[in-house]
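Residue numbers (this note's numbering), protein chains in the order written: chain A, 120 to 540; chain B, 120 to 540.
See below for the structure under consideration.
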């Protein structure tokens, strides 16, 4: 069964709002194992909406429209669907009664525009709206189905979850047998998308169920392994051996899976080990502290972050010797290490992590180019530093440096867990 | 001229990411006065992409595609556009040279997949990528134009702003005469969207050219004033009196205009006044420092940020007396003020700003509920604090607290400029 999404609303074409409805529905349909190959947006224009609907009904079994069911003149979805399906519009008595009682309760004069919302294509299944007045509908003719829900996200979601998604799940199960689609996302840091893909290109090419798809995120790479099977258990047992093969090749870059970000993984490791953390940031400006503290409960292990932007503050707050800065420059492995060590001491933390670099656009020199960043890690096992050469604008360099400093911290904690640090 | 948007990427159909690119481009095109009547999304499938491209090129003058220009096998946009336009693919020498030098700088073996990104339809205008390796292109044949940019938002935006939007603006001006649409965005902090709208409801209702539209952003409100006129000057003189009337009503909340964020405005004020800044953060976790240092050149005035997450670090690093914390609690106006004063002293800065609060989900008490935040400001004129009661989840509370602390700092600097502080 093929379903496509049709978002109706001129505001979506003016960029005034982001179409979160379509993303939500796409995610839900994918969980049901329903294929979504197209997503279309048109404005509140009857001719263009009718044309788009004809194209969509011509290539898909179900067109799932959102928007254009409200009380204003702009709301034309029900009328256009009825026209394209070749049926009349009729008033749904239950919805009309609900609108009358809604108006009476609020002392509103019953406006025609309110009642207009109760109109649906003849023969359609009405989709009740538990949180608003406009009903939706499921209209089928000649084996093609048009579904329409209001565009208000809270109404749309409630109606989809209560009526439409169960309808589609039942229909998919009937037409195609009980299929489950399950995805597992492996999260990688410290490696680019093309390098990651090159390492497992043969696996990607040879796999059909599960499939493997790489995604480049702002500062990390995700590998999504997706299986289709008759049950969740069967899907899991298809994914497990493929995940193991990927981990054989790329295990050192994989820090976590699914929804858990690097800062949350690090938080869990610090908590288990009973360790406290402090950050000494220069070029990242506080971003490491911000990300660490986005995790609920981070106050249990994150003691403090010192963003020492000036050379003087590096000396004054972290005890980095002024001579060290004078000799090697603030952007140097020596200063990165002294910062990580200094913040541990200043704060009394078990682990210190640091960044110092040139985020630009100014500050670069022939020997210290834009994007040069040194990151440091200090704990009782000793100090390490790494040199990074990053691309991008100022904010991107900050984001990438923060991510790689967190990844250095992750690896340090991992080595400690393994007893090798 | 009619432009439509085509988003390419299976991840968009699986609901894994929300299509912010399309909303961004729709907004920009609407500012140019270009009509966008359709927006389509297809997956990484050559046949369906080709079909969608044919439909789009059949009804619009320009199809603006994003996504599918990366290095992996999934990235098929260039090949499909060339196929549909009936031209060959050729390697763009400049892009290929850039990729080779990128690989050489990083000691990477030059992967074929990297070089694949340099391939564009024959005869196309290449769109340079200032922040990544994959170029985009503008390919025209028989009066129909296909534009393609990468899907990574930072790359897409940089390329759109530098090359594609100017191209479309020039073409629209040539084809349709010099109708100019000009927008001026007033940026407000410390006020909600509905309150702002209520204050100027009569202006919004009575204005047709320019129009006034309020937008709620993550932690601020924007009022966009948009005029349509024959020239930029004419549009400006339509906007000016309306802006003045809005400023009469809401001036105390308006901190800036257009693209300039609060951190950039503050940076300019600090620089003009020759003042240095330090931040003492607790619940915001480093976000204030991160925002301040997102501004190029901020190292000229931002000396340091101390994220003192534990009580001990507030005492140790900022000199907040332990008794003060014991008496009033860490989340109190007294501690907020002591933090702002303490960080000035610790760092030797002219101005100190601070936050301390309960971002949740844990840590709330009956007298100190979730979302309670105290912010502080200290300079040679004295110390002030403000109590905030914020709603939202942990990250939203952090974002709102950081914004309102920056707004407190802004008002302090403003009062100082006016001689009243």
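For glycine and all other residues, C-beta sits at the position ideal for the given N, C-alpha and C.
Work out the CA separation of residue j and residue i for me, nearest whole Å.
i: residue 349 (chain B); j: residue 151 (chain B); result: 13 Å
i: residue 339 (chain A); j: residue 275 (chain B); result: 18 Å
i: residue 249 (chain B); j: residue 277 (chain B); result: 7 Å
i: residue 351 (chain B); j: residue 299 (chain B); result: 6 Å
i: residue 434 (chain A); j: residue 441 (chain A); result: 6 Å
i: residue 145 (chain A); j: residue 498 (chain B); result: 52 Å
i: residue 539 (chain B); j: residue 533 (chain B); result: 9 Å
i: residue 575 (chain B); j: residue 121 (chain B); result: The structure shown does not extend to residue 575 (chain B), since chain B is modelled only from 120 through 540, so no value can be given for it.
i: residue 138 (chain A); j: residue 131 (chain A); result: 7 Å
i: residue 305 (chain B); j: residue 346 (chain A); result: 49 Å
i: residue 510 (chain A); j: residue 409 (chain A); result: 22 Å
i: residue 401 (chain B); j: residue 527 (chain B); result: 16 Å
i: residue 202 (chain B); j: residue 165 (chain B); result: 10 Å
i: residue 481 (chain A); j: residue 488 (chain A); result: 10 Å
i: residue 323 (chain A); j: residue 331 (chain A); result: 5 Å
i: residue 279 (chain A); j: residue 309 (chain A); result: 40 Å
i: residue 171 (chain A); j: residue 210 (chain A); result: 25 Å
i: residue 265 (chain A); j: residue 295 (chain A); result: 20 Å
i: residue 259 (chain B); j: residue 522 (chain A); result: 40 Å
i: residue 467 (chain A); j: residue 427 (chain B); result: 12 Å
i: residue 158 (chain B); j: residue 126 (chain B); result: 8 Å
i: residue 155 (chain A); j: residue 429 (chain A); result: 53 Å
i: residue 549 (chain A); j: residue 226 (chain A); result: Because chain A spans 120 through 540 in this model, residue 549 (chain A) falls outside it and cannot be assessed.
i: residue 388 (chain A); j: residue 418 (chain B); result: 34 Å
i: residue 287 (chain A); j: residue 245 (chain A); result: 15 Å
Using only alpha-carbon positions, find the residue among the options that is nearest to residue i.
i: residue 191 (chain A); options: A:233, A:299, A:346; result: A:233
i: residue 178 (chain B); options: A:277, A:167, A:194; result: A:167
i: residue 197 (chain A); options: A:369, A:242, A:489, A:220; result: A:242
i: residue 213 (chain B); options: B:256, B:408, B:487, B:496; result: B:256
i: residue 420 (chain A); options: A:399, A:385, A:452; result: A:385
i: residue 135 (chain B); options: A:149, A:182, A:536; result: A:149
i: residue 394 (chain A); options: A:446, A:127, A:171, A:529; result: A:529
i: residue 474 (chain B); options: B:180, B:399, B:220; result: B:399
i: residue 493 (chain A); options: A:452, A:425, A:472; result: A:452
i: residue 302 (chain A); options: A:335, A:316, A:358; result: A:358
i: residue 263 (chain B); options: B:183, B:285, B:129; result: B:183
i: residue 205 (chain B); options: B:373, B:383, B:169; result: B:169
At 9 Å on the CB atoms, spell out the chain B contacts of residue i, in chain order.
i: residue 158 (chain A); result: 126, 131, 132, 138, 158, 159, 160, 161
i: residue 519 (chain A); result: Chain B residues near residue 519 (chain A): none, gap ~11 Å exceeds 9 Å.
i: residue 145 (chain A); result: 131, 132, 133, 134, 135, 160
Assuming residue i contacts residue j under a Cβ cut-off of 8 Å, what Cβ separation, rounded to an integer in Å, is found between them?
i: residue 516 (chain B); j: residue 478 (chain B); result: 4 Å
i: residue 333 (chain B); j: residue 361 (chain B); result: Residue 333 (chain B) to residue 361 (chain B), Cβ: 14 Å. No contact.
i: residue 254 (chain A); j: residue 247 (chain A); result: 6 Å
i: residue 491 (chain B); j: residue 450 (chain B); result: 6 Å
i: residue 185 (chain B); j: residue 270 (chain B); result: 5 Å
i: residue 504 (chain B); j: residue 456 (chain B); result: 5 Å
i: residue 525 (chain B); j: residue 381 (chain B); result: 5 Å
i: residue 318 (chain A); j: residue 368 (chain A); result: 5 Å
i: residue 403 (chain A); j: residue 520 (chain A); result: 5 Å
Can you list the residues of chain A that residue i reaches, using a CB-CB cut of under 7 Å?
i: residue 377 (chain B); result: None at all; the shortest Cβ gap to chain A is about 16 Å.
i: residue 409 (chain B); result: 404, 405, 406, 409
i: residue 271 (chain B); result: 335
i: residue 443 (chain B); result: Result: empty, since nearest Cβ-Cβ is about 18 Å, beyond 7 Å.
Give the residues of chain A in contact with residue i, contact being defined as C-beta atoms less than 8 Å apart.
i: residue 415 (chain B); result: 479, 480, 481, 513
i: residue 473 (chain B); result: Neighbours of residue 473 (chain B) on chain A: none; closest Cβ ~14 Å, over 8 Å.
i: residue 197 (chain B); result: Ordered by position in chain A, no residue passes the 8 Å Cβ test against residue 197 (chain B), which lies about 16 Å from the chain.
Which bits of chain B does residue i rub up against, with CB to CB less than 7 Å?
i: residue 333 (chain A); result: 191
i: residue 166 (chain A); result: What residue 166 (chain A) touches in chain B: nothing, since even the nearest Cβ is about 10 Å away.
Note down, in chain order, every chain B residue with its Cβ under 8 Å from the Cβ of residue i.
i: residue 425 (chain A); result: 423, 424, 425, 426, 436
i: residue 371 (chain A); result: The contacting residues do not exist; residue 371 (chain A) stays about 17 Å from chain B at best.
i: residue 174 (chain A); result: 174
Anything in chain A within Cβ reach of residue i, meaning under 9 Å, just list it in chain order.
i: residue 224 (chain B); result: 508
i: residue 357 (chain B); result: Those do not exist, as residue 357 (chain B) stays about 20 Å from chain A at its closest Cβ, beyond 9 Å.
Going residue by residue through the region 396-426 of chain A, where are the continuous beta strand (DSSP E) segments of at least 3 residues, counting only ones entirely within it? List check, beta strand (DSSP E) in window: 396-400.
Secondary structure, alpha helix (DSSP H): runs of 4+ residues fully inside the region 451-518 of chain B: Under the rule that a run must span 4 or more residues, the alpha helix (DSSP H) segments found entirely inside the region 451-518 of chain B read 452-466.
Mind listing, in chain order, the continuous alpha helix (DSSP H) runs of no fewer than 4 residues lying wholly within the region 314-395 of chain B? 320-325, 351-369, 381-392
If we require 4 or more residues per run, which alpha helix (DSSP H) segments fall completely within the region 126-179 of chain A? 129-132, 139-150, 165-178
Please list the segments of the alpha helix (DSSP H) lying wholly inside the region 234-286 of chain B, counting only runs of 4 or more residues, in order along the chain. 272-278
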